[in-house]
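These notes are about the structure you will find just below.
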Amino acid sequence: MSTFLLEIVTPDRLVYSEQVNSITVRGIEGELGILPGHIPFVTPLQVAPVNVKIGSQVTPFAVQGGFVEVRKDKVVILAESAERPEEIDFERAEAAKERAETRLNAGRQDEVDHRRAELSLQRAMNRIKVSGGIKH
Amino acid sequence: MARGLRDIKRQIKSIQNTKQITKAMEMVAAAKLRRAQEKATSALPYSEKLKEVVGSIAAGTQGISHPMLEKREVKKTGYLVITSDRGLAGASNSNILRRVSTFLAERHQSKDEYSLFVIGRKGRDYFRRRELPIVEELTDLSDSPTYGDIKSIANAAVRQYELGQIDELYICYNLFLNALTQTPEVDQLLPMENIGEGASVSGHEYEPSPEAVLEALLPKYAETLIFSAMLNAKASELGAKMTAMGAATKNASKLIGELKLTYNRARQAAITQEISEIVAGADAQ
């Protein structure tokens, strides 16, 4: 099966660099699968798991925002943070989720706070989803 | 033993203690500096990639406009000043703070014309003492800061620009040249006027549109630039600290040498005197 090089880069480090068969990401416009030979392409990503497929094995990554760039020779995902399932601190994500939920339910109408809580809830859910894939 | 001798001995002891400390600090700074440099190198791919993509969109699309790329009339300027939390790093903090102060004095008549975003306790205390307008501050950073650590202040600065509360953003930090040399820099961050220059057009498809992608990426790019300045400033701080502590250790060694010489001379003099006293006593009998 043909493969392409996938790189996941964050400001702190190069998280991942492997030959893969395909990836599935959720762009701003919706879910999209990228196979080898995709046209050069750039789109921002939503906060959602990125599924990386090698052979029949699928590894999810908790990628927080950022964007994907498809080039002829490789695919690059740039995000502020990206974690493999085993790197995620499940308890911390749960705690962050609860914190964000209480803040949202508190119902204060400060727009900035609300937006921030929403984003942090999204991130926590994303992490839980990804780490849940191997834990449960 | 004469009183003078004991004093000198005590002094030597105390300088030796100081020397041990400065020596240890020098070595710690050297180790941390290496880590900080590694960190700065590992952050490069991200910022270069972002720059490449943003640059190619800006170069490849005609008539694109975004507030972050366009100069506008300046009513208020933001300055993001990066200093360290701790001292004992030679002149690095005072250099950058002096540079910023002269820059402010040259460009502005009153305090209302600018606002400050300060990273590091030294800078915060300095501006607070002078009662200058600090809008956001961040202290107690670790020696290897992560993107998450500085995100809030970077975000606040970029956001203020987007909301029009500031019309320019400058970033002030010590640029790391090598462990011995760091120069204070004041760079314009926003608006980014010539980002498309020198970038190659890539022929990518942008979804949903080049403008939307640019819209999403530019703030991120600005934050990334702030992060790399931060890493650079950290390396500078550690470099300066290493050099300063190295010099302190050397001075202590020199001082100890001098004191030892004085001590031995005094000891010699005391012995000679004692002998001549005994001889004189024996003669008198």
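Those protein sequence lines, which keep their order, are chains A and B.
Per the UniProt record's numbering: the first sequence ends with 136, consecutive numbering throughout.
Per the UniProt record's numbering: the second sequence ends with 285, consecutive numbering throughout.
Beta carbons: idealized from backbone N, C-alpha and C, even for Gly.
Remember, predicted model here, so these are calculated numbers, not experimental data.
TODO: Taking the CB atoms as reference points, tell me whether Met-192/B and Ala-29/B lie closer together than 7 Å.
DONE: no
Task: Helix, strand or coil at residue 287/B according to DSSP, with G and I counted as helix - done: The displayed coordinates of chain B run from 1 to 285. Any statement about residue 287/B would go beyond what the structure contains.
TODO: Count the other C-beta atoms from every protein chain shown that fall within 10 angstroms of the C-beta of Ser-14/B, then say buried if there are 16 or more, exposed otherwise.
DONE: exposed
- [ ] Please look up how many angstroms separate the CB atoms of Ala-216/B and Val-158/B, rounded, as I've assumed it's under 8 Å.
- [x] The pair is not a contact, with the Cβ atoms about 13 Å apart (cut-off 8 Å).
Task: Neighbour-count burial assignment, Pro-44/A, 16 or more Cβ in a 10 Å radius - done: buried
Task: Own chain partners of Val-76/A with C-beta closer than 6 Å, once the 5 adjacent residues on each side are dropped - done: Glu-7, Glu-69
TODO: Give a yes or no on whether the C-beta atoms belonging to Asp-187/B and Val-74/B are separated by under 7 Å.
DONE: no
Task: Gln-122/A in three-state terms, based on DSSP - done: helix
Task: One or two residues paired with Phe-41/A in a DSSP bridge - done: Val-70/A, Glu-205/B
Task: chain A contact for Thr-41/B (CB, 7 Å cutoff) - done: no
Task: Members of the region 3 to 19 of chain A that neighbour chain B once the beta carbon cut-off is set at 9 Å - done: Glu-7, Val-9, Thr-10, Pro-11, Asp-12, Arg-13, Leu-14
- [ ] For Asn-194/B, count neighbouring Cβ atoms within 10 angstroms of its own Cβ and tell me buried if that reaches 16, exposed if not.
- [x] exposed
- [ ] Starting from the beta carbon of Gly-203/B, find every residue of chain A whose beta carbon is closer than 8 Å, and list them in chain order.
- [x] Pro-40
Open item on the list: Report the start-end ranges of each beta strand (DSSP E) in the region 108 to 145 of chain B that is 3 residues or longer and not cut off at the edges.
Closed with: 114 to 119, 134 to 138
- [ ] Alpha carbon to alpha carbon, how far is Arg-6/B from Asn-17/B? Give it in angstroms, no decimals.
- [x] 17 Å
- [ ] Could you tell me whether the region 177 to 187 of chain B touches the region 235 to 251 of chain B, using the rule of 3 or more Cβ pairs below 8 Å?
- [x] yes
TODO: Give the secondary structure of Ser-2/A by DSSP, where H, G and I count as helix, E and B as strand, and everything else as coil.
DONE: coil
Task: Reduced DSSP secondary structure (H/G/I, E/B, other) of Ile-271/B - done: helix
Task: Contact list for the region 56 to 69 of chain A against chain B, Cβ threshold 9 Å - done: Gly-65, Gly-66, Phe-67, Glu-69
Task: Val-279/B, buried or exposed, once every other Cβ within 10 Å from all chains shown has been counted against 16 - done: exposed
TODO: Determine the chain C residues that contact Leu-50/B at a beta-carbon separation under 8 Å, and present them in chain order.
DONE: Of the chains in the structure shown, none is chain C; the protein chains are A and B.
Task: Terminal residues of the beta strand (DSSP E) in which Asp-187/B lies - done: 182 to 190
TODO: Establish whether the CB of Pro-133/B and some CB of chain A are separated by less than 7 Å.
DONE: no
TODO: Could you tell me which residues DSSP puts in a beta bridge with Ala-62/A?
DONE: Pro-49/A, Glu-83/A
- [ ] Evaluate the contact criterion for the region 26 to 34 of chain A versus the region 76 to 96 of chain A: three or more CB pairs, one atom per stretch, below 8 Å.
- [x] no
Open item on the list: Checking 7 Å against the spacing of the C-beta atoms, do Thr-22/B and Thr-262/B come in under that value?
Closed with: no
- [ ] Evaluate the contact criterion for the region 269 to 279 of chain B versus the region 125 to 132 of chain B: three or more CB pairs, one atom per stretch, below 8 Å.
- [x] no
Task: According to DSSP, residues forming a beta bridge with Gly-78/B - done: Ser-115/B, Leu-169/B
TODO: State the beta-bridge partners of Ser-253/B as determined by DSSP.
DONE: DSSP, once it has assigned bridges, lists no residue as partnering Ser-253/B.
TODO: Identify whether Arg-265/B lies in helix, strand or coil by the three-state DSSP scheme.
DONE: helix
Open item on the list: Relative to the C-alpha of Ser-114/B, which candidate in Ser-84/B, Lys-76/B, Arg-130/B has its C-alpha closest?
Closed with: Here the sequence assigns Tyr to residue 114/B, which means Ser is not the residue at that position. Selected option, being the one with the closest Cα: Lys-76/B.
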